[in-house]
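Residue numbers (this note's numbering), protein chains in the order written: chain X, 35 to 292; chain A, 225 to 406; chain V, 711 to 1071.
Ideal Cβ positions, reconstructed from N, Cα and C, are used throughout, including at glycine.
Owing to the predicted nature of the structure, the values given are computational and were not obtained by experimental measurement.
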Amino acid sequence: MDIKEIIKPENLVYKKTELMTDAPLSYCPGCGHGTAHRITMEVVEEMGIWEDTIGVAPVGCSVLAYDFMNIDMTQAAHGRAPAVATGIKRVWPEKYVFTYQGDGDLAAIGGNETLHACNRGENIVIIFINNGIYGMTGGQMAPTTLPGMKSSTSPYGRVIETMGHPLKMTELIAQLPGTYFVTRQAVHTAAAVRKTKKAIRKAFEIQKEKKGLAFIEIVSNCNSGWKMNPVDANNWMVDNMFPYFPLGDIKVDGELVK
Amino acid sequence: MTEEMIIAGFGGQGVLSMGKILAYSGIMQDQEVSWMPSYGPEMRGGTANVTVIISDERISSPILANFDTAIILNQQSMDKFEKSVKPGGVLIYDPNGIIKHPTRTDISIYTIEGAKLASKMGNPKIFNMIVFGAFLEVKPIVKLENVIKGLKKSLPERHHKLIPLNKDAITMGMQNVVKASI
Amino acid sequence: MGEVKLMKGNEAIAEAAIRAGADAYFGYPITPQSEVIEYLMVERPEDRTGMVVLQAESEIAAINMVYGAAGAGKKVMTSSSSPGVSLKQEGISYIAGAELPCVIVNVVRGGPGLGTIQPSQADYFQSTKGGGHGDYKLLVLAPASVQEMADFVDQAFDLAFKYRNPVLILSDGVIGQMMEKVVMPEQKPRLTNDEIIERYSDWATVGKKKSRERNIITSLELDPYRQEAHNLKLQEKYKKMEENEVRYEMINCEDADYIIVAYGSSARIAQKTMDQARAKGLKVGIFRLITLFPFPKNEINKLADRVKGFLAVEMSAGQMIEDVRLAVNGKVPAEHYGRYGGVIHSPEEVLAALEQKIIGG
Chain X
35 MDIKEIIKPE NLVYKKTELM TDAPLSYCPG CGHGTAHRIT MEVVEEMGIW EDTIGVAPVG
95 CSVLAYDFMN IDMTQAAHGR APAVATGIKR VWPEKYVFTY QGDGDLAAIG GNETLHACNR
155 GENIVIIFIN NGIYGMTGGQ MAPTTLPGMK SSTSPYGRVI ETMGHPLKMT ELIAQLPGTY
215 FVTRQAVHTA AAVRKTKKAI RKAFEIQKEK KGLAFIEIVS NCNSGWKMNP VDANNWMVDN
275 MFPYFPLGDI KVDGELVK
Chain A
225 MTEEMIIAGF GGQGVLSMGK ILAYSGIMQD QEVSWMPSYG PEMRGGTANV TVIISDERIS
285 SPILANFDTA IILNQQSMDK FEKSVKPGGV LIYDPNGIIK HPTRTDISIY TIEGAKLASK
345 MGNPKIFNMI VFGAFLEVKP IVKLENVIKG LKKSLPERHH KLIPLNKDAI TMGMQNVVKA
405 SI
Chain V
711 MGEVKLMKGN EAIAEAAIRA GADAYFGYPI TPQSEVIEYL MVERPEDRTG MVVLQAESEI
771 AAINMVYGAA GAGKKVMTSS SSPGVSLKQE GISYIAGAEL PCVIVNVVRG GPGLGTIQPS
831 QADYFQSTKG GGHGDYKLLV LAPASVQEMA DFVDQAFDLA FKYRNPVLIL SDGVIGQMME
891 KVVMPEQKPR LTNDEIIERY SDWATVGKKK SRERNIITSL ELDPYRQEAH NLKLQEKYKK
951 MEENEVRYEM INCEDADYII VAYGSSARIA QKTMDQARAK GLKVGIFRLI TLFPFPKNEI
1011 NKLADRVKGF LAVEMSAGQM IEDVRLAVNG KVPAEHYGRY GGVIHSPEEV LAALEQKIIG
1071 G
């Protein structure tokens, strides 16, 4: 059998969504960003809302998210994505608006914008990639860096006494009446990807029904920043990140479930 | 005609609103007006003042160092603004609470017992309108009918029932202003 | 002609924003400009025109809301006073870099730091030389009356969309807090969503139709050569502004021996100085800047050929004077005078400075 006979529509088992561009991903092999991008765009495509969806990219590794997501996008200043998304959503209330942010962006420099967008209950979706480190700038300590975890600015490990505790932003914003759906997921296994995609779908459905803010944390790895190979990074994530940042829904239908 | 004046006293005495009613009255007779307040925390309890200019011509500076008229309602303002009245100008003050009375002989000085008359009329809030009446008696630069029109314009509808009381207060001020002898 | 009203400059700006057909205002309270957002909240523009008003959690958030909404093709405004405008500089740099239209109002107070809440003109450098990081310019309008506070809002929006550039209305505590007669412009309708999509879908994030390429609002260009090309394009735009948008007012300059250059409240104060000087037989004229960038350098240079001297009057330690001197180019003396830190110079003080620094010297 020759390859042309195999490439036939009836044999197609997977097709890249048209909402991902053909640009090669700039992420490190094994990074969770590519998967998180793809499932977000798949949800937008499956809901048939791509002509009405506007994304907000952060500063960090995913600053170039707009190179890969084939929708209208705005790139925000560091940490300001929730404010930028608020601006867009308030003047286009019928559009779907989401931010895609990393831990430094969302939980450190943008902590205030995150808190207040959540508190106002902006009708937007926030996708929060937490890999416990600043990836793009070269592996510095993030607000979510674990105790004892090494980074280029905590070279002997994070010292709680002087550097503070890892920030559980997701639990924090779940306390606010403005958030409607808050969950923590991962994209390291096929099963986890399916669950995360379901959560993202749910988040966009909530926006459609104008119920409030939906917040999805995705615990991910940073094999470059963690200085591990991708497999080890994922294993380390399961062993170390998940106990501190446990997966699962935190708030559903406006009610805390955890 | 150009009238450059300052109204100065404590916050809460109605200094700013007296200036505002004057400015509105000027607009009612098609004149140019400007109203420049001192602003900030000093408004609450400390001294407050407002520079009001009414003119037949385009107004240049809203900020002035010298005035045709000064209406002075506390000692601090007397200390500050007595010297700022232009020679030949007018100073009107309420002697209530004034320890050091004005001494200049090159200006016309008038007193109005605003605080006393207001309490006699049973409403301390109309104090500023009594003083305003005193000013109008000395310097009738705006017509009373335009003041009433200005009041209607500057007060919210729900306060229009207070206009007759304000008018009485203005009349009270007009009748009780006294030329001071130095 | 519309109805004559007595309004504060800050209130006039707010009302004019509604009437200009603005889609949104995002702000944060700070003295001496809080009346802008207070007025808007009282007026309920969402009922009048559908305009959105939101009190943000900070000036930083407010300018980034402006960035988002402006990038989505809407007509948006924010306002603040000096310390708050410093906080906005990051966002303003992004807006300038991403070439978005918006209107920013600064009702200047004295600094540096928290400074004073009293009027000042010490943000001239920040306003006209960039303000944030990178090579960029704002188009800067300086109103000198409450009427101009109202009139400049609509003009600022037009200029902002014409050049896709932020336009700054540089006011100060005097013009913001004082009340004057003002005739409000007629209500302009807001653009409908369909009109916005039709007009701006070549650049704005209004939702990507399958038939077009996606729109990206960004100020990021990692390739330095492409970033340089982008900068060249920006510079070209600023040059066009210098060619086409210079605005100023000359008062009694025809026969003048001495010129006071000023803007905003100082230009008003200087007019009284001019009257006082002329009463003494001194031929003084006023060159009032309306645009601070672009700066009317050619006009001042020409004037320098036929006058004996310039006094730059501004409530600062001497900022605009640098541009005046560049324009005068050494032809005649050009000196600075101004009180600052929140102190307002009187017409008499300006006259004394003019006599001492220019006429006497």
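Applying a beta-carbon distance threshold of less than 7 Å, which residues of chain X neighbour residue i?
{"i": "V:N925", "result": "D106"}
{"i": "V:D733", "result": "V125"}
For the candidate residues the options, whose alpha-carbon lies nearest to that of residue i?
{"i": "V:R1016", "options": "V:Q765, V:D967, V:P876, V:G760", "result": "V:D967"}
{"i": "A:Q255", "options": "A:H383, A:K367, A:L386, A:V402", "result": "A:K367"}
{"i": "V:V795", "options": "V:R998, V:I740, V:K784, V:L869", "result": "V:I740"}
{"i": "X:K184", "options": "X:W260, X:I83, X:F238", "result": "X:W260"}
{"i": "A:T329", "options": "A:D318, A:A342, A:V309, A:G346", "result": "A:V309"}
{"i": "A:Y248", "options": "A:N390, A:V276, A:G338", "result": "A:V276"}
{"i": "V:K1007", "options": "V:F867, V:Y958, V:E931, V:D864", "result": "V:Y958"}
{"i": "V:V884", "options": "V:K839, V:V1060, V:H1055, V:G807", "result": "V:H1055"}
{"i": "A:E227", "options": "A:I406, A:S301, A:V257", "result": "A:V257"}
{"i": "X:R235", "options": "X:D101, X:W126, X:F249", "result": "X:F249"}
{"i": "V:K898", "options": "V:K715, V:G760, V:L716", "result": "V:G760"}
{"i": "A:V402", "options": "A:I296, A:D318, A:L379", "result": "A:D318"}
{"i": "V:K798", "options": "V:M775, V:E809, V:A782, V:G781", "result": "V:M775"}
{"i": "X:Q135", "options": "X:P127, X:T120, X:K123, X:R114", "result": "X:R114"}
For residue i, go through chain X and note every residue whose CB falls closer than 8 Å to its CB, in chain order.
{"i": "V:M775", "result": "A117, V118, T120, G121, R124"}
Pop quiz: residue i and residue j are said to be a contact at Cβ under 8 Å. What is the actual Cβ separation, rounded to whole angstroms?
{"i": "A:I365", "j": "A:G397", "result": "Actually they are not in contact, since the Cβ atoms of A:I365 and A:G397 sit about 15 Å apart, beyond 8 Å."}
{"i": "X:P200", "j": "X:P181", "result": "7 Å"}
{"i": "V:L849", "j": "V:T1001", "result": "7 Å"}
{"i": "V:H1046", "j": "V:A1022", "result": "5 Å"}
{"i": "V:I747", "j": "V:G731", "result": "Their Cβ separation, rounded to whole angstroms, is 19 Å, which puts V:I747 and V:G731 out of contact at 8 Å."}
{"i": "V:Y917", "j": "X:I158", "result": "Residue identity check: residue 917 of chain V is Gly in the sequence provided, not Tyr. Incorrect: roughly 15 Å between the Cβ atoms, too far for contact."}
{"i": "V:Y956", "j": "V:P1004", "result": "Inspection of the sequence shows that residue 956 of chain V is occupied by Val rather than by Tyr. So it is a contact: roughly 5 Å between Cβ atoms."}
{"i": "V:Y749", "j": "V:E713", "result": "No, V:Y749 and V:E713 are not in contact; Cβ-Cβ is about 16 Å, not under 8 Å."}
{"i": "V:V813", "j": "V:S792", "result": "V:V813 to V:S792, Cβ: 17 Å. No contact."}
{"i": "V:P829", "j": "V:S975", "result": "6 Å"}
So what does DSSP say about residue i, is it helix, strand or coil?
{"i": "X:N164", "result": "strand"}
{"i": "X:M271", "result": "helix"}
{"i": "X:D106", "result": "strand"}
{"i": "A:P311", "result": "strand"}
{"i": "V:Y1050", "result": "coil"}
{"i": "V:C812", "result": "strand"}
{"i": "V:M775", "result": "helix"}
{"i": "V:F1005", "result": "coil"}
{"i": "X:R228", "result": "helix"}
{"i": "X:K292", "result": "coil"}
{"i": "V:A987", "result": "helix"}
{"i": "X:R218", "result": "strand"}
{"i": "X:F279", "result": "coil"}
{"i": "X:I243", "result": "The sequence as given places Glu at residue 243 of chain X; Ile does not occur at that position. X:E243 falls in the coil class under three-state DSSP."}
{"i": "A:G250", "result": "helix"}
{"i": "V:S976", "result": "helix"}
{"i": "X:Y100", "result": "helix"}
Going by beta carbon distance, what residues of the same chain come within less than 6 Å of residue i, once the five residues before and after it are set aside?
{"i": "V:Q1029", "result": "Y834, F835"}
{"i": "X:C152", "result": "I207, L210, G212, T213, L247"}
{"i": "X:A233", "result": "T217, Q219, I250"}
{"i": "X:T148", "result": "P116, L140"}
{"i": "A:M260", "result": "T275, P286"}
How would you list, in chain order, the residues of chain V whose beta-carbon sits under 8 Å from the beta-carbon of residue i?
{"i": "A:L360", "result": "The premise fails here: A:L360 is roughly 19 Å from chain V at the closest Cβ pair, so nothing lies under 8 Å."}
{"i": "A:S258", "result": "M888, M889, E890"}
Should residue i be counted as a contact of the ligand FAD given a C-beta to heavy atom distance under 7 Å?
{"i": "V:K898", "result": "What this structure holds is no ligand at all, so the ligand FAD is not there to describe."}
In its own chain, which residues sit with a C-beta less than 8 Å from the C-beta of residue i, not counting the 5 before and 5 after it?
{"i": "V:M888", "result": "K718, G719, V856"}
{"i": "V:E753", "result": "A724, E725, I728"}
{"i": "X:V97", "result": "A91, Q109, M170"}
What residues of chain X sit near residue i, judged by a beta carbon separation below 9 Å?
{"i": "V:S768", "result": "A117, N146, E147, H150"}
Just to confirm my understanding: we take residue i, look at its own chain, exclude 5 residues before and 5 after, and list those with CB closer than 7 Å. What are they?
{"i": "V:Y846", "result": "S803, A806, G807, G840, L944"}
Can you pull the chain A neighbours of residue i, defined as C-beta to C-beta under 8 Å?
{"i": "V:D693", "result": "Residue 693 of chain V falls outside the range modelled here, since chain V spans only 711 to 1071, and no answer is possible."}
{"i": "V:P899", "result": "Under the 8 Å cutoff, chain A gives no residues; its nearest Cβ is about 28 Å from V:P899."}
List, in chain order, every chain A residue whose beta-carbon is nearer than 9 Å to that of residue i.
{"i": "V:K993", "result": "Simply none; closest approach about 17 Å."}
Just the chain V side, please: which residues come within less than 7 Å of residue i by C-beta, in chain order?
{"i": "A:Y248", "result": "L716"}
{"i": "A:P261", "result": "Q887"}
Please list, in chain order, the chain V residues whose beta carbon lies closer than 9 Å to that of residue i.
{"i": "A:A289", "result": "S1056, P1057, E1058, E1059"}
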